[in-house]
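Asks: Here it is, the structure, as structure tokens.
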Amino acid sequence: MQKLKLDHPDIVVSLDIDLKKYSTMRLDSRGDLITVKSKEGLKFCLSELTKNNMTYKVLGWGANMLLPSKSKVPYIQLDFEFDRSVFNNPQDEYVLPASASLATLTSHANKFGLKGWEVFTGIPASLGGAIFMNAGTNLGEIGSVIKEVKLITKSGEEKSVIVDKNSFTYRHNHFVDEGDVIYEARLIHKGLDPAISNKIKEYLDMRTRTQPLKEWTCGCVFKNHYDPKRDVTCRAGLFIDIMGMKGLTIKNLTISPKHANFMENRGESTYEDVLEMIGVLKKELKLQFGVEFEIEAEY
Ligand SMILES: Cc1cc2nc3c(=O)[nH]c(=O)nc-3n(C[C@H](O)[C@H](O)[C@H](O)COP(=O)(O)OP(=O)(O)OC[C@H]3O[C@@H](n4cnc5c(N)ncnc54)[C@H](O)[C@@H]3O)c2cc1C
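So, in structure tokens, the structure goes:
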């Protein structure tokens, strides 16, 4: 990274910086960060990196990522300006940059009662990260309100995807190819309904009661596991709770007393501490219940 010159007015390169604040779990982490402020900057950035045989990782809000102590590849984070007056009134369609925060969208939905937008209530994310993950709650998934996604490929080309019924599945998109970066999306809503704001409030209250939302976490650590033989969904949090492992601590990392599928970083936890805790839990879950839970957060 040191040798590469990314000379562009819309690109800021920060080498070997403390990345702690760039993920919601606040793990101790260092690495290179490239902040990109426009589509043209992004095209230039990706094509230069690719020409120089360099790989990279896109970082949204880091709410689903466990950052390693020393990252081997640079992170790219988008920070596009946009006209926020679109939120002054409800629109039929919204064209928003991937760096817009989901919290801004939820508060707009709350204000005007946008049906369909309640599905991402309380999810910490950038719009791009939420689309990549098809983020959702038990109210639904963000994929249901996305119409079109615009991306830049690793060679710096523009790509547009019109969303259809095959574009998303559970916590998954099927159109972002390796090296693609989502920079913009077109969203709709499903009409206006004054009851939505109550729904959002109730859902947020419920989450605040049951999940450690103020602590440093990466959300749920394990995916719930569907067992087709018994036609049941095994909930990792419930199983960890049944094993009496809430509160288990490795150094500064604790299984949340509020919700057993969350790990709280209460100080200087590292990637290695998280992997150690995951190892302990996976072993016990397999031993006691015979279930192998997949990890939800990216590591
Ligand atoms: C307290 C808490 C509660 C949570 N609750 C939920 C929940 O209820 N439901 C849920 O679904 N998730 C939940 N999560 C997880 C997380 O919020 C979601 O996965 C969210 O979509 C991550 O968005 P992000 O912007 O932080 O993406 P990141 O974590 O930064 O990235 C996630 C993935 O998306 C890729 N990516 C990010 N931006 C782009 C882009 N512009 N172009 C291409 N790829 C990109 C990254 O490379 C990475 O692979 C929770 C997390 C926390 C901390």
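Position in the sequence shown counted from 1, then plus 56, gives you our numbering. Note that CB positions come from ideal geometry on N, CA and C, so glycine has one too. No experiment lies behind these values; they were computed from the predicted model shown.
Spatial neighbours of ASP135 within its chain, please: CB distance less than 8 angstroms, with the 5 preceding and 5 following residues excluded, ordered by chain position.
Replies: Here residue 135 refers to the residue found at position 79 when the sequence shown is read from its first residue. Result list for ASP135: THR91, VAL92, LYS93, SER155, in chain order.
Asks: Any heavy atom of ligand 1 closer than 7 angstroms to the Cβ of ASN120?
Replies: Taking the sequence shown and counting its residues from 1, one reaches residue 120 at position 64. Yes, the Cβ of ASN120 comes within 7 angstroms of a heavy atom of ligand 1.
Asks: For ligand 1, any of its heavy atoms closer than 7 angstroms to the Cβ of LEU260?
Replies: In the sequence shown, residue 260 corresponds to position 204, counting from 1. No, Cβ of LEU260 sits at least 7 angstroms from all heavy atoms of ligand 1.
Asks: Along the alpha helix (DSSP H) that carries GLU328, what are the first and last residues, could you check?
Replies: Within the sequence shown, numbered from 1, the residue matching residue 328 stands at position 272. Element bounds for GLU328: 327-345.
Asks: How many Å lie between LYS285 and HIS64 at the Cα?
Replies: Numbered from its first residue, the sequence shown carries residue 285 at position 229. Numbered from its first residue, the sequence shown carries residue 64 at position 8. Taking the straight line joining both Cα atoms gives about 56 angstroms.
Asks: From the DSSP output, in three-state form, read off LYS113 for me.
Replies: Counting from one through the sequence shown, the residue named residue 113 turns up at place 57. LYS113: strand per DSSP, three-state reduction.
Asks: Does DSSP put LYS206 in a helix, in a strand, or in coil?
Replies: For the purposes of this step, residue 206 is identified with residue 150 of the sequence shown, where counting begins at 1. If DSSP states are grouped into helix, strand and coil, LYS206 belongs with the strands.
Asks: DSSP three-state label for HIS228, please.
Replies: Here residue 228 refers to the residue found at position 172 of the sequence shown. DSSP places HIS228 in strand when its eight states are reduced to three.
Asks: Shortest alpha-carbon distance to LYS279 belongs to which of ILE298, ASN317, ARG263?
Replies: Counted from its first residue, the sequence shown places residue 279 at position 223. Selected option, being the one with the closest Cα: ASN317.
Asks: CB ARG242 to CB GLU204, shorter than 8 angstroms?
Replies: In the sequence shown, counting from the first residue as 1, residue 242 sits at position 186. In the sequence shown, counting from the first residue as 1, residue 204 sits at position 148. A contact, by the Cβ cut-off of 8 angstroms.
Asks: Could you check whether the Cβ of LYS113 sits closer than 7 angstroms to any heavy atom belonging to ligand 1?
Replies: Your numbering for residue 113 matches position 57 in the sequence shown. It does: the Cβ of LYS113 is within 7 angstroms (strictly closer) of some heavy atom of ligand 1.
Asks: Quick check on the DSSP output: the alpha helix (DSSP H) that includes LEU260 runs from which residue to which?
Replies: Here residue 260 refers to the residue found at position 204 of the sequence shown. Element bounds for LEU260: 252-266.
Asks: Just to confirm my understanding: we take LYS362, look at its own chain, exclude 5 residues before and 5 after, and list those with CB closer than 6 angstroms. What are they?
Replies: This structure does not reach residue 362, given that the chain is present from 57 up to 355, and the question cannot be answered.
Asks: Assuming LEU71 and ASP88 make a contact with CB atoms under 8 angstroms, what is their CB distance in whole Å?
Replies: Numbered from its first residue, the sequence shown carries residue 71 at position 15. Numbered from its first residue, the sequence shown carries residue 88 at position 32. Confirmed, Cβ separation roughly 5 angstroms.
Asks: Give every residue of the same chain whose Cβ lies closer than 7 angstroms to the Cβ of TRP272, excluding the five residues on either side of it in the sequence, and list them in chain order.
Replies: In the sequence shown, the residue the question calls residue 272 occupies position 216. If we look at TRP272 and ignore the five residues flanking it on each side, its Cβ neighbours are THR80, MET81, ARG82, GLU320, ASN321.
Asks: Is DSSP giving TYR78 helix, strand or coil here?
Replies: As a first step, residue 78 must be located in the sequence shown, where it is residue number 22. The answer is helix: DSSP assigns TYR78 an H, G or I state.
Asks: Across which residues does DSSP place LEU134 in a beta bridge pair?
Replies: Start at 1 with the first residue of the sequence shown, and residue 134 comes out as number 78. Partner(s): VAL92.
Asks: Are the beta-carbon atoms belonging to PHE138 and HIS164 less than 8 angstroms from one another?
Replies: Position 82 of the sequence shown, counted from the first residue, corresponds to residue 138. Position 108 of the sequence shown, counted from the first residue, corresponds to residue 164. No, Cβ-Cβ distance for PHE138 and HIS164 is not below 8 angstroms.
Asks: Can you look up ARG242 in the DSSP assignment and give me helix, strand or coil?
Replies: Position 186 of the sequence shown, counting from 1, holds the residue named residue 242. Looking at ARG242 - three-state DSSP - the assignment turns out to be strand.
Asks: Going straight from the alpha carbon of GLY303 to that of THR310, what length do you get?
Replies: Mapped onto the sequence shown, residue 303 falls at position 247. Mapped onto the sequence shown, residue 310 falls at position 254. Looking at the two C-alpha atoms, the distance is approximately 6 angstroms.
Asks: If we count the other Cβ atoms within 10 Å of its Cβ and call it buried at 16 or more, is SER216 buried or exposed?
Replies: The sequence position of residue 216 within the sequence shown is 160, counting from 1. So SER216 counts as exposed.
Asks: Find the nearest neighbour of ALA262 within the set LYS221, GLU104, LYS314, THR289, judged by alpha-carbon distance.
Replies: To locate residue 262, count along the sequence shown from 1; it is residue 206. Note that residue 262 is Met in the sequence shown, not Ala. Closest option to MET262, Cα to Cα, is LYS314.
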